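Taken in order, these protein sequences are the chains called S and A.
Mapping the first sequence onto our numbering, position 98 (from 1) lands on 98, and the numbers just tick up by one.
Mapping the second sequence onto our numbering, position 269 (from 1) lands on 269, and the numbers just tick up by one.
The beta carbon of each residue, even a glycine, is placed where N, CA and C say it ideally should be.
Keep in mind that this is a model prediction, so the values were computed, not measured.
2 protein chains.
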Amino acid sequence: MSYRAGKTILASTIAKKYSEELTSVTSKMATKPKLVGLLGNQDPAAKTYAEWTARTCESLGFQYELIQCPKENLEDEIYKCNQDDAVNGIMVYFPVYNDGQDQYLQQCVSIEKDVEGLNFKYVSNMYHNIRYLDAPENTKKSILPCTPLAMVKILEYLGVYNTLLPYGNRLFGKTITIVNRSEIVGRPLAALLANDGATVYSVDINNVQKFERGDGLQLKSHRVVDTEFELKDVAPKSDVIITGVPSSNYKFPLEYVKDGAVVINFSSEKNFDDRIKDIASLYVPSIGKVTIAMLLRNLLRLMNNKKPHSVEEI
Amino acid sequence: MSYRAGKTILASTIAKKYSEELTSVTSKMATKPKLVGLLGNQDPAAKTYAEWTARTCESLGFQYELIQCPKENLEDEIYKCNQDDAVNGIMVYFPVYNDGQDQYLQQCVSIEKDVEGLNFKYVSNMYHNIRYLDAPENTKKSILPCTPLAMVKILEYLGVYNTLLPYGNRLFGKTITIVNRSEIVGRPLAALLANDGATVYSVDINNVQKFERGDGLQLKSHRVVDTEFELKDVAPKSDVIITGVPSSNYKFPLEYVKDGAVVINFSSEKNFDDRIKDIASLYVPSIGKVTIAMLLRNLLRLMNNKKPHSVEEI
Chain S
1 MSYRAGKTIL ASTIAKKYSE ELTSVTSKMA TKPKLVGLLG NQDPAAKTYA
51 EWTARTCESL GFQYELIQCP KENLEDEIYK CNQDDAVNGI MVYFPVYNDG
101 QDQYLQQCVS IEKDVEGLNF KYVSNMYHNI RYLDAPENTK KSILPCTPLA
151 MVKILEYLGV YNTLLPYGNR LFGKTITIVN RSEIVGRPLA ALLANDGATV
201 YSVDINNVQK FERGDGLQLK SHRVVDTEFE LKDVAPKSDV IITGVPSSNY
251 KFPLEYVKDG AVVINFSSEK NFDDRIKDIA SLYVPSIGKV TIAMLLRNLL
301 RLMNNKKPHS VEEI
Chain A
1 MSYRAGKTIL ASTIAKKYSE ELTSVTSKMA TKPKLVGLLG NQDPAAKTYA
51 EWTARTCESL GFQYELIQCP KENLEDEIYK CNQDDAVNGI MVYFPVYNDG
101 QDQYLQQCVS IEKDVEGLNF KYVSNMYHNI RYLDAPENTK KSILPCTPLA
151 MVKILEYLGV YNTLLPYGNR LFGKTITIVN RSEIVGRPLA ALLANDGATV
201 YSVDINNVQK FERGDGLQLK SHRVVDTEFE LKDVAPKSDV IITGVPSSNY
251 KFPLEYVKDG AVVINFSSEK NFDDRIKDIA SLYVPSIGKV TIAMLLRNLL
301 RLMNNKKPHS VEEI
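The following block contains the structure:
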């Protein structure tokens, strides 16, 4: 029998540092920053998640307001919030239509209040490794999509980022499999990790793509190629396996997980059977608390971008 | 036996007036305006369509360059064209990835060269009936998505727009069924026609939505509701039936077409059996030539927006 000493790491443990930073900033502010959540579907799970967001925001010194409305009114409600000076950040609970119209709605959120970092400008900057909105002054940081950003912070906490390597190349030598290639999380995450030096296999139902650091035309950017690989080819050689499959039926095949791999699930569903704890060296079963901390961090950053130095730098 | 006097109207007939306008403008220009088409897929039909675009452009006094590349390079090629002063307009042949990534790619095209009118700003302006980019000066016209715009011109030609009614309400009293609710054509088209006063039933595989003129929060905008209707409920009461189903197997059920309806197919596939000619009063089997005329019209408009009065107003 082999010696097993894997650990399960909870998101709350990883989030602690960021939560404390947030509380420290908000405690000094005269008015609590305000986040609005817009819920346009009738899914009880989304409602529960929204209520959880509310409690988390309040515990960290933020105001939170939930606006629930028929999906037909969502666009109007977004524009109302865009123009309301009392609102500092806006998030929309997706899916609403579960098709291209959701991408349209996301773009309706003012770039100045987009805490999720999903505005085309932010995503495009991320893909091209552009860190500031106002080059060459570089006083306004571009916002990173909050779930991919949370994943970077988690990988830092877990020691997957090697701090002996230079900044921007700290994943050099690491192979990472990501099961999910959504425009919201999977694809930006793959690009972000490739930009930091990892070899990333991005898996969806159609194929496996390989993301690597590359040089674009003039923009330092990742390189992507389709491969003939299947999950069984890439997962066993991966140091890190990240999943985000939004289905309660899906379970990642444990026989493809390398002994001692780092395993992270960002789906709200449980993508791994409990036996993963006997295989993974570090296992993070969910990431919500880190994501919300990053979202609120983005909110403070947006406030900073709007009125330089009005909010303490974090 | 009933008297049948339906007519088939070809897109070339409808496009003639616009083609002549274009030629008249370009013939006076020192340098022919340049359109670049970007083809990132290997579909021979797309290649054929691109070659057809080239011939049409040249016949109307435009330069056309086709750039064909692996889909992984498409984003770089778009940015290159964005920065090339010799390029006045850019179009991307979709689908490339056939998922959300296509929407991302579309947004990479500079708003100043987006001849298809699919930049978020243009689409959002269209949904809210905002006609200018630079209110309150109102010197720069917002660009309309070219296929929906072509459809409006076709409906004007066919007399569906009633010129006795005030501008902006010329479809008042008309019922229109549209089979297609893509973000590129079907949904913007439904909104555009509803904004002009029509009752529009938008049909896709999931349901039937009803679009009507409405008043948004502060933006004059269409109103949308889900209905319990099926195609068989809405098509027979429609004055106009418009289809865009990208499948060679799909045929619209002729028994749902009202005697004497106006029927338009914008799919590259034949959505109607030839017997439609015995039912429709006016039948437009394809619209490509009008669409390309609108795309080139958008190109001249974009040039006008950039350098006011440099190009003759059309």
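The alpha-carbon separation between residue 173 of chain A and residue 229 of chain A amounts to approximately 20 Å. The beta carbon of residue 64 of chain A sits closer than 8 Å to those of 34, 35, 36, 37, 53, 54, 57, 58, all from its chain and outside the five residues before and after it, given in chain order.
Nearest Cα to residue 183 of chain S within the set S:168, S:123, S:140, S:198: S:123. Taking 8 Å as the CB threshold, residue 124 of chain S lines the interface with chain A. Residues of the same chain with a CB within less than 7 Å of the CB of residue 222 of chain A, apart from the 5 flanking positions on each side, are 191, 194, 195, 211, 212, 213, 214 in chain order. The Cβ of residue 187 of chain S sits closer than 8 Å to at least one Cβ of chain A. Chain-ordered listing is empty here: chain A has no CB closer than 8 Å to the CB of residue 112 of chain S, the nearest sitting near 15 Å. The beta carbons of residue 224 of chain S and residue 72 of chain A sit closer together than 8 Å. Looking at the DSSP output, residue 65 of chain A sits in a beta bridge with A:36.
With respect to the 8 Å criterion, residue 271 of chain S and residue 245 of chain S are classified as neighbours on the basis of their beta carbons. In the structure shown, the three-state DSSP call for residue 265 of chain S is strand.
Membership of residue 31 of chain S in any beta strand (DSSP E) is not indicated, and neither H nor E is assigned to it by DSSP. Residues of chain S whose Cβ lies closer than 9 Å to the Cβ of residue 132 of chain A do not exist; the shortest such Cβ separation is about 18 Å. Counting along the chain, residue 234 of chain S sits inside no beta strand (DSSP E); it lies in the alpha helix (DSSP H) bounded by residues 231-234.
The Cβ of residue 96 of chain A sits no closer than 8 Å to any Cβ of chain S. With respect to the 8 Å criterion, residue 75 of chain A and residue 108 of chain A are classified as neighbours on the basis of their beta carbons. When rounded, the separation of the alpha-carbon atoms in residue 126 of chain S and residue 247 of chain A is 36 Å. A Cβ-Cβ contact shorter than 8 Å links residue 150 of chain S with residue 287 of chain S.
Contact annotation: the region 134-148 of chain A touches the region 293-301 of chain A, with at least three C-beta pairs closer than 8 Å.
At a cut-off of 8 Å, the C-beta of residue 120 of chain S has a neighbouring C-beta in chain A. Interface annotation, residue 146 of chain S: not in contact with chain A, CB-CB separation never under 8 Å.
For the set A:262, A:165, A:86, the Cα lying nearest the Cα of residue 113 of chain A is the one of A:86. Distance between residue 19 of chain A and residue 51 of chain A, taken at the CA atoms: about 18 Å. Around residue 120 of chain A, the same chain offers 107 as residues with beta carbons nearer than 8 Å, after the five sequence neighbours per side are excluded. Residue 231 of chain S sits away from residue 262 of chain S, with the two beta carbons spaced by 8 Å or more.
Apart from sequence neighbours up to five positions away, the residues of its chain that approach residue 237 of chain S with a beta-carbon distance below 8 Å are 175, 258, ordered along the chain.
Neighbours of residue 107 of chain A in chain S, taken as residues at a C-beta separation under 7 Å, are given in chain order as 120.
For residue 101 of chain S, the C-beta contacts it makes with chain A under 8 Å involve 183, 187, in order along the chain. With 16 or more neighbouring CB atoms inside 10 Å of its own CB, residue 198 of chain S falls in the buried class. Within the region 66-78 of chain A, the residues whose Cβ lies closer than 7 Å to some Cβ of chain S are 72, 76, listed in chain order. Leaving aside the five residues that flank residue 181 of chain A on each side, the residues in its chain whose CB is nearer than 8 Å to its CB run, in chain order, 187, 190, 202, 203, 204, 209.
For residue 89 of chain A, the beta-bridge partners assigned by DSSP are A:35. For residue 104 of chain A, the closest Cβ of chain S is nearer than 8 Å. Contacts with chain A at 8 Å (Cβ-Cβ) include residue 225 of chain S. Secondary structure of residue 202 of chain A (DSSP, three-state): strand.
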